[in-house]
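Following: one structure in structure tokens, then a few remarks.
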């Protein structure tokens, strides 16, 4: 008999589409386990903390959002503090982007495997494992003595985040009923990221300009992560598996497409590594090792497609079945738009920070304060989107937000460095997060609905793999464009503001073009899409 996994959270009258049961169906064994857990005398009370079950569900969402918050907080610390950190750790210029790039490389590589394993053995243990190691390696980043150590700890932090993020999506899908509550939960997960990033930027600037130094932010982030890990042990829903049926090892062997996961992960790892190398020096493409890795990653794409086709024909588990891409236009469109929008959003944050510091000569704290409207707007948009997404046609929400977002890089491309902040840069910061943050909630709902209820962690893994790939592609492309244009400029001092602005301006024009492409893709692919996130009867 097929083994079912039961999430002991929602009372019987509140079981949603997911029903807290893998596969979305309650078997006799699973029903028996539910009867054992729910106290018929006090059906609306939770044994943990004595709280109503709905309250406990939102405590779960708060804990998961807190981990997302700290992950983004550490990224914000790195973004604003990279020049100081690089000088303190004597990080070579050729490795300057690696603390950021390696996080995306390892995280993007491990998302799919972590998601598939979480769907089999349960998301709770995967999530808590990731939370623990996230805390360890954030703290470790704060005690780094060399640039290489920092890069290694950031790489391990990326792996830990790959354990946390997909399993969070699965837990939310099980813990919160579908419709507006789940939309809002996804929105809260989304808004925790810009909130964490903004606090990281501000506190990072404060710490650097004070006697505390840049390491203080990582100590705080690691300590809070440990606290959230302890809270998660207490609040995340327990997983209970019936004694009958296949063992855990048998399920891991039979229910996971290990070959497909390996092909996808190797492809992503090789491609991301080459992108990271190119972001430091475009001439790296001439090295034999990078040529081989790039060729390998390109060859593995058709190999993955053929393997998925084989698995489908044989009726065996397929990591991402080909029919999802072919028959679900909204899914394919959203993945493309998420890749482009996430690239634009992250590159805008980085290159605006560089513009404020390297061209306009502001301090790290001054740059972080100038970026604050971007992040506060992102927080507001995530919350509003989660509340109203089931009332507004998704196509209009996505296209309007993407069109407005395109104005952000356009303003920065046209900006005069002598202009006051309020002339153009302020409005660019307000517009920059619109597309990415609306797509986070809308896209996550579409991707989640495209996968069976028993593979929600994999759905979250696919969504975040696309997002992370967008970060890698965006940062590499913009770094290459910016560096090349600056080096080819007629300004003799290539490190001067006059030379740097030429490269930054070229990057902003490219980001504007990418957002125009995203709008066109959305207009074609989402034209038949109605409302999403509507509660199912």
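Numbering (the UniProt record's numbering), first residue to last: 1 to 537. A virtual CB, placed ideally from N, CA and C, is assigned to each residue, including glycine. If you're wondering where the values come from, they're calculated on a predicted model, not measured in any experiment.
Cutoff 6 Å; reference residue i; Cβ partners in own chain excluding five residues on either side
| i | result |
| --- | --- |
| residue 194 | 375, 378 and 379 |
| residue 133 | 160 |
| residue 509 | 413 |
| residue 498 | 491 |
| residue 232 | 63, 128 and 131 |
| residue 163 | 114, 126, 129 and 130 |
Beta-carbon separation (whole angstroms), residue i vs residue j, contact threshold 8 Å
| i | j | result |
| --- | --- | --- |
| residue 344 | residue 405 | 7 Å |
| residue 386 | residue 68 | Wrong, their Cβ atoms sit about 14 Å apart, outside the cutoff. |
| residue 473 | residue 279 | Rounded, the Cβ-Cβ distance is 10 Å, inconsistent with contact. |
| residue 441 | residue 275 | About 27 Å; that fails the 8 Å criterion. |
| residue 136 | residue 464 | Their Cβ separation, rounded to whole angstroms, is 21 Å, which puts residue 136 and residue 464 out of contact at 8 Å. |
| residue 456 | residue 467 | At roughly 17 Å, the Cβ-Cβ gap does not stay under 8 Å, so residue 456 and residue 467 are not in contact. |
| residue 521 | residue 446 | Contact flag wrong, Cβ pair sits at about 14 Å. |
| residue 524 | residue 503 | About 33 Å; that fails the 8 Å criterion. |
| residue 398 | residue 478 | Actually they are not in contact, since the Cβ atoms of residue 398 and residue 478 sit about 23 Å apart, beyond 8 Å. |
| residue 196 | residue 72 | 3 Å |
| residue 290 | residue 471 | No, residue 290 and residue 471 are not in contact; Cβ-Cβ is about 20 Å, not under 8 Å. |
| residue 99 | residue 154 | 5 Å |
| residue 228 | residue 382 | The pair is not a contact, with the Cβ atoms about 20 Å apart (cut-off 8 Å). |
| residue 189 | residue 65 | 5 Å |
As assigned by DSSP and simplified to three states, the class of residue i
| i | result |
| --- | --- |
| residue 328 | coil |
| residue 494 | coil |
| residue 380 | helix |
| residue 149 | helix |
| residue 421 | coil |
| residue 462 | helix |
| residue 393 | coil |
| residue 255 | coil |
| residue 562 | This structure gives no information on residue 562, because the portion of the chain shown stretches from 1 to 537. |
| residue 85 | helix |
| residue 209 | coil |
| residue 71 | helix |
| residue 363 | coil |
| residue 177 | coil |
| residue 159 | helix |
| residue 281 | coil |
| residue 214 | coil |
| residue 449 | helix |
| residue 286 | helix |
| residue 317 | coil |
| residue 144 | coil |
| residue 470 | helix |
| residue 154 | helix |
Near the ligand SAH: residue i beta-carbon under 7 Å from a heavy atom
| i | result |
| --- | --- |
| residue 365 | The ligand SAH is not part of the structure shown, which contains no ligands of any sort. |
Same chain, Cβ closer than 7 Å to residue i, five either side skipped, listed in chain order
| i | result |
| --- | --- |
| residue 89 | 144, 146, 147 and 150 |
| residue 451 | 458 and 459 |
| residue 360 | 417 |
| residue 303 | 263 |
| residue 293 | 270, 273 and 274 |
| residue 267 | 297, 300, 301 and 304 |
Should the region 113-122 be regarded as contacting the region 208-228, the criterion being three or more beta carbon pairs within less than 8 Å?
Here the region 113-122 does not lie against the region 208-228, with fewer than 3 beta-carbon pairs under 8 Å apart.
Three or more C-beta pairs under 8 Å: does that hold for the region 384-399 against the region 517-533?
yes
Is the region 362-369 in contact with the region 514-521, if contact means three or more CB pairs nearer than 8 Å?
No, because fewer than three Cβ pairs between the region 362-369 and the region 514-521 fall closer than 8 Å, the two stretches do not touch.
Does the structure place the region 310-317 close enough to the region 401-419 that three or more beta carbon pairs sit under 8 Å?
no
Would you say the region 70-88 touches the region 185-204, given that touching needs at least three Cβ pairs under 8 Å?
yes
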